[in-house]
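Here's the structure we're looking at; comments come further down.
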Amino acid sequence: MATVASARWPKRMLVCTSRWTMSSAFRHKENSMLSAPLICRLHAGSNLIHGREQKVTLAGARTLWSWGSADHGRGGSGGHTDAPIFEVIQKEPEKVEKPVLPAKLIKKVACGGAHSMIVTESGRLLTCGLNDNGQLGLGNLENASEFEEVKGTESIADVAAGFWHTLAASKKGKLYAWGSNKHGQLGHHDTAVKLAVEPQEILLLRDAPIKQVACGSYHSMALTKDGEVYTWGFGAHGRLGHGSTEDEFMPKRVEALVGENISSIHAGFEYSSAVSTSGKVFVWGYGHFYVLGQGDKKDQLAPVVLDFPTSIRQLAFGSFHAAAVSHSGMLFTWGHATHGPLGHGLKSPNIILEPTVLDAPAQLQNSKQVACGSQHTLVVTGTGDVFSFGLGGQGQLGLGSDLDHYEPKQIPRFVGKSLRQVACGLFHCIGF
Numbered sequence: 000m001a002t003v004a005s006a007r008w009p010k011r012m013l014v015c016t017s018r019w020t021m022s023s024a025f026r027h028k029e030n031s032m033l034s035a036p037l038i039c040r041l042h043a044g045s046n047l048i049h050g051r052e053q054k055v056t057l058a059g060a061r062t063l064w065s066w067g068s069a070d071h072g073r074g075g076s077g078g079h080t081d082a083p084i085f086e087v088i089q090k091e092p093e094k095v096e097k098p099v100l101p102a103k104l105i106k107k108v109a110c111g112g113a114h115s116m117i118v119t120e121s122g123r124l125l126t127c128g129l130n131d132n133g134q135l136g137l138g139n140l141e142n143a144s145e146f147e148e149v150k151g152t153e154s155i156a157d158v159a160a161g162f163w164h165t166l167a168a169s170k171k172g173k174l175y176a177w178g179s180n181k182h183g184q185l186g187h188h189d190t191a192v193k194l195a196v197e198p199q200e201i202l203l204l205r206d207a208p209i210k211q212v213a214c215g216s217y218h219s220m221a222l223t224k225d226g227e228v229y230t231w232g233f234g235a236h237g238r239l240g241h242g243s244t245e246d247e248f249m250p251k252r253v254e255a256l257v258g259e260n261i262s263s264i265h266a267g268f269e270y271s272s273a274v275s276t277s278g279k280v281f282v283w284g285y286g287h288f289y290v291l292g293q294g295d296k297k298d299q300l301a302p303v304v305l306d307f308p309t310s311i312r313q314l315a316f317g318s319f320h321a322a323a324v325s326h327s328g329m330l331f332t333w334g335h336a337t338h339g340p341l342g343h344g345l346k347s348p349n350i351i352l353e354p355t356v357l358d359a360p361a362q363l364q365n366s367k368q369v370a371c372g373s374q375h376t377l378v379v380t381g382t383g384d385v386f387s388f389g390l391g392g393q394g395q396l397g398l399g400s401d402l403d404h405y406e407p408k409q410i411p412r413f414v415g416k417s418l419r420q421v422a423c424g425l426f427h428c429i430g431f
């Protein structure tokens, strides 16, 4: 069991987490930890949640896994909501034996700072974790230690989670937002409304059907079916891409991307990116940690091109690092290497200024998807294996310990499980 004295928290990590401890919900910091994957299976029947029985009727079977920090119920494994700091740590993989998830049910998973989201193939939306700003969308401010269904939306196609807010897009293209509105990230223009505990439709974009959403710490992004990008919320360091650092309280089109035929968007701590149908990558936002890959610390107030030797399929941002996967399966990382989230080994430079191909195990030459936590990275290969590297103090690497790893290590529990997707919060992960 770890103690406060034995935990390794770098200065830069404290800069990041101090923003969290401003919230009363984080007075105990990262209370409870799971250092190896837990299988979390959604109920096809009734759940006992917050002392009441709730029906979550699901049909058919796919397993959802969660690991890493477990306080506030963020992994959906039940319990640990009020555990004292560092008291609970699971160093070996264990299963949470519960009724089986419906077959082929899960379409997508997403993690916020300390909450998790699931979209099912049928368009249902489920959530668990910290709820101090209503980010779960359940109509209250109670944490949920097991997955509950979010009501009040059309059938959902996509979801994204920020530190304290959540976005979702319906199959018909409607856009919903809920949670904290401190910086206008809910896009409702009414800044007097500080939070929303249930999904609220953003009416401004009703005539521009949305196909994808993305959340940074305090900012929001939406991609229309016509390939246009809208951003709003906290504007510091240019993360909205409008050429300024001003907050935006309603969705505003990123003019620099008009005509670029954007196919996907990605948001991080203080960063944003967009990828075109041809694999061209645009980035903007905070430059101090070299996460924009431009070779300097300059903030980019509007989108700039990030050069790669090949077309890119997907990007992910951590607090101080970034990663990308190409259409051909190549894995790139860059930014700050403290604690190993870049995967280039102990002897690599502490800072990698530009996207650099990872010289990794043969399996990683066929990378399919990448996800970044605060200072750790997860990679899913074409065969469904999962590799992790970086900060391990909260068990977020899923390797059965709280050690950091500077090179990719395969997560043993997932051998032969053929995972499709993983998602990272700051210190927790889920996958299926």
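For what it's worth, numbering that gives the first Met the number 0 labels the leading residue of the sequence shown as 0, then goes sequentially.
Note that the Cβ used here is the ideal one computed from N, Cα and C, for glycine as well.
Beta-bridge pairing of Asp157 - partner residues as DSSP gives them: Ala168
Please return the same chain residues whose Cβ sits closer than 7 Å to the Cβ of Gly78, not counting the five positions on each side in sequence. Ser144
Under the three-state reduction of DSSP, which class applies to Pro208: helix, strand or coil? coil
Under 8 Å Cβ to Cβ from Gly344, same chain only, skipping five residues before and after it: list those, please. Tyr405 and Glu406
On the CB-based measure, 16 or more other CB atoms within 10 Å of its CB, does Ala191 come out buried or exposed? exposed
Which of helix, strand or coil DSSP assigns to Gln420: coil
Less than 7 Å between the CB of Asn180 and some heavy atom of the ligand SAM, yes or no? Annotation note on the ligand SAM: not contained in the displayed structure, which lists no ligands.
If we ignore side chains and look at the alpha-carbon of each, how far apart do Ser31 and Gln134 end up? Confidence at Ser31 is low in this model, with a pLDDT of 39, below 50, so its placement is unreliable and the value that follows should be read with caution. Straight-line Cα distance between these residues: approximately 20 Å.
Do three or more CB pairs link the stretch 292–299 to the stretch 260–267 at distances below 8 Å? no
Environment of His326 [buried if 16+ CB atoms lie within 10 Å]: exposed
Nearest by alpha-carbon distance to Val303: which of Ala255, Ile429, His375 and Phe413 is it? Ala255
Segment contact, 8 Å Cβ cut-off, at least three pairs: the stretch 179–196 with the stretch 150–158: no
So which of Asp358, Val253 and Trp64 has the shortest CA-CA distance to Ala301? Val253
Backbone CA spacing between Thr332 and Tyr175 [nearest angstrom]: 32 Å
What are the partner residues of Ser76, as DSSP defines its beta bridges? Paired residues: none, contrary to the question.
Would you mind stating whether His338 and Ile350 have Cβ atoms separated by less than 8 Å? no
Beta-carbon proximity of Leu137 to Glu147, cut-off 8 Å: yes
Looking at the secondary structure, which residues open and close the beta strand (DSSP E) in which Leu203 lies? Taken as a continuous stretch (DSSP letters only), Leu203 belongs to no beta strand (DSSP E), as it is neither H nor E.
Would the beta-carbon of His427 fall within 8 Å of that of Leu396? no
Whole-Å CB distance - Gly215 paired with Tyr289, under 8 Å assumed: With a Cβ gap of about 17 Å, Gly215 and Tyr289 do not count as contacting.
Sequence-distant residues of the same chain with beta carbon closer than 6 Å to Gly284, five excluded per side: His236, Gly237, Arg238, Glu269, Tyr270 and Ser271
Where do the ends of the beta strand (DSSP E) carrying Met329 lie? Taken as a continuous stretch (DSSP letters only), Met329 belongs to no beta strand (DSSP E), as it is neither H nor E.
So is Asp401 buried or exposed if we call it buried at 16+ other beta carbons inside 10 Å? buried
So what does DSSP say about Phe426, is it helix, strand or coil? coil
With a threshold of 16 other CB atoms inside 10 Å of the CB of Lys193, please say whether the residue is buried or exposed. exposed
Under three-state DSSP, which class holds Leu137? coil
Which parts of the stretch 339–400 are runs of the beta strand (DSSP E), unbroken and 3 residues or longer, counting only runs that do not cross its ends? 350–356, 366–371, 375–380 and 385–389
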